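A short write-up of the structure that comes next.
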Amino acid sequence: MKKLSASIVSQGFWFREFVATASMLNSGKSWNDVDQAIIEDNVFQLSSKNRQNDVRLAMHRRYHELPDDFTKNLDQFTLSNQKLINLVAIMKMSALVEDFVLTVVKTEFVMGDLKLEPYEIGTYMRNLPLMHPEASHWRSVTVKKLKNKLREYLVASGLAEHKEENLVLQRAVLDPQVERLLKQHDMTQYIEALTGRQV
55 MKKLSASIVS
65 QGFWFREFVA
75 TASMLNSGKS
85 WNDVDQAIIE
95 DNVFQLSSKN
105 RQNDVRLAMH
115 RRYHELPDDF
125 TKNLDQFTLS
135 NQKLINLVAI
145 MKMSALVEDF
155 VLTVVKTEFV
165 MGDLKLEPYE
175 IGTYMRNLPL
185 MHPEASHWRS
195 VTVKKLKNKL
205 REYLVASGLA
215 EHKEENLVLQ
225 RAVLDPQVER
235 LLKQHDMTQY
245 IEALTGRQV
């Protein structure tokens with residue numbers, strides 16, 4: 055079983071950065087060029103060197119986790135599917151995000167209950183230590199930040215929108231090519247979690 059980490063508290067969805075990194079790499083630039091653009095040129099206009107390094111490391115990890123044919127063809131997909139691919143990359147690098155989407159979000163879609171209330175996310179976080187002892191060491195302030203981060207990712211990816219205190223989930227509509235790639239790379243469970251339909 056994958057160990058959970060609270061590292062996402064310092065990471066944004068960073069979709070603009072994800073797409074720009076793909077554009078640089080697909081235009082023939084190397085990772086050294088990308089690093090220089092992020093750190094030395096501050097192409098993303100980030101507020102500090104620490105934030106620049108956070109983004110640089112996150113881009114390396116997200117691209118390392120994704121099969122190349124997702125990122126090499128990124129500009130061929132719809133905007134909504136590009137956001138979903140970024141979410142998939144985050145899920146691949148964060149066992150917490152992956153578990154949350156594969157359990158909580160998928161269950162909501164399958165049950166047809168598209169309203170995700172704060173208490174449901176809270177219940178999920180409280181139950182984590184039962185299967186993942188490492189989560190029992192997280193401080194309450196960390197847990198609060200993680201709950202906010204999970205909500206942020208769902209909204210930024212297009213899987214949810216805010217409605218008062220709740221989130222209203224929206225089933226993903228996958229481009230045929232994206233669905234084919236997910237199947238090809240043994241990520242069928244991701245299709246089911248993002249769309250709520252069995253494959």
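Each residue of the sequence shown is one higher than the one before, starting from 55 at the first, in our numbering. Ideal Cβ placement from N, Cα and C applies to all residues, glycine included. Keep in mind it's a predicted model, so treat the numbers as computed, not measured.
Check: Excluding five sequence neighbours on each side, which residues of the same chain lie with their C-beta closer than 6 Å to the C-beta of F72?
Finding: In the sequence shown, residue 72 corresponds to position 18, counting from 1. Closer than 6 Å at the Cβ level, and outside the excluded window around F72, lie N140.
Item checked: Distance between S64 and D108 (C-alpha atoms, nearest Å) -> As a first step, residue 108 must be located in the sequence shown, where it is residue number 54. As a first step, residue 64 must be located in the sequence shown, where it is residue number 10. So the alpha carbons of these two residues sit roughly 8 Å apart.
Notebook entry, point to check: Any idea if Q238 is buried or exposed, counting beta-carbon neighbours within 10 angstroms, 16 or more meaning buried?
Noted result: For the purposes of this step, residue 238 is identified with residue 184 of the sequence shown, where counting begins at 1. Under a 10 Å Cβ-count criterion, Q238 is classified as exposed, with fewer than 16 other Cβ atoms of the shown protein chains found around its own Cβ.
Next item on the list: Kindly list the residues whose CB is nearer than 6 Å to the CB of I62, restricted to its own chain and excluding five residues on each side of it in sequence; keep chain order.
Entry: Within the sequence shown, numbered from 1, the residue matching residue 62 stands at position 8. Around I62: S148, K203.
Next item on the list: Go to A60, then tell me how far its alpha helix (DSSP H) extends in each direction, as first and last residue.
Entry: On the sequence shown, position 6 is the one that residue 60 refers to. Per DSSP, A60 belongs to no alpha helix (DSSP H) and is neither H nor E.
Check: Thinking C-alpha only, which one of V253, E94, H216, L58 is nearest L150?
Finding: As a first step, residue 150 is located in the sequence shown; it is residue number 96 there, counting from the start. Nearest C-alpha to L150: L58.
Check: What first and last residue would you give for the alpha helix (DSSP H) that runs through A74?
Finding: Translated into the one-based positions of the sequence shown, residue 74 becomes position 20. For A74, the enclosing alpha helix (DSSP H) has its first and last residue at 69-80.
Notebook entry, point to check: Helix, strand or coil: which one does DSSP assign to V253?
Noted result: For the purposes of this step, residue 253 is taken as the residue at position 199 of the sequence shown. If DSSP states are grouped into helix, strand and coil, V253 belongs with coil.
Next item on the list: Verify whether the separation of the beta carbon atoms of A214 and L170 is less than 8 Å.
Entry: One-based indexing of the sequence shown puts residue 214 at position 160. One-based indexing of the sequence shown puts residue 170 at position 116. The criterion of a C-beta distance shorter than 8 Å is satisfied by A214 and L170.
Next item on the list: Leaving aside the five residues before and after L100 along the sequence, list all residues of the same chain whose C-beta is less than 7 Å from its C-beta, in chain order.
Entry: Sequence index remark: in the sequence shown, residue 100 carries index 46 (1-based). Around L100: Q106, V109.
Check: For the beta strand (DSSP E) that contains H216, what are its first and last residues?
Finding: Taking the first residue of the sequence shown as position 1, residue 216 is located at position 162. Note, H216: beta strand (DSSP E), 214-217.
Notebook entry, point to check: For N135, is the classification buried or exposed, using 16 other Cβ atoms within 10 angstroms of its Cβ as the cut-off for buried?
Noted result: The residue given as residue 135 occupies position 81 in the sequence shown. Counting Cβ neighbours within 10 Å, N135 comes out buried, since at least 16 surround it.
Next item on the list: Could you tell me the boundaries of the beta strand (DSSP E) in which V49 lies?
Entry: Residue 49 is absent from the structure shown; the chain starts at 55 and stops at 253.
Notebook entry, point to check: What residue from Y173, P187, G166 has the CA that sits closest to A247's CA?
Noted result: For this step, residue 247 is matched to residue 193 along the sequence shown. The option with the nearest alpha carbon to A247 is G166.
Next item on the list: Report back the beta-carbon spacing between T125 and D229 to the nearest angstrom; my notes put them in contact at under 8 Å.
Entry: Working through the sequence shown from its first residue, we reach residue 125 at position 71. Working through the sequence shown from its first residue, we reach residue 229 at position 175. In fact, because the Cβ distance is near 15 Å, the residues do not count as touching under 8 Å.
Checklist line | Span separating the alpha-carbon of G66 from that of E119 | finding: Walking along the sequence shown from the start, residue 66 turns up at place 12. Walking along the sequence shown from the start, residue 119 turns up at place 65. Going from the Cα of G66 to the Cα of E119 covers about 17 Å.
Check: Going by the CB atoms, is the gap between L200 and M179 shorter than 8 Å?
Finding: Here the question's residue 179 lines up with position 125 in the sequence shown. Here the question's residue 200 lines up with position 146 in the sequence shown. Less than 8 Å separates the beta-carbon of M179 from that of L200.
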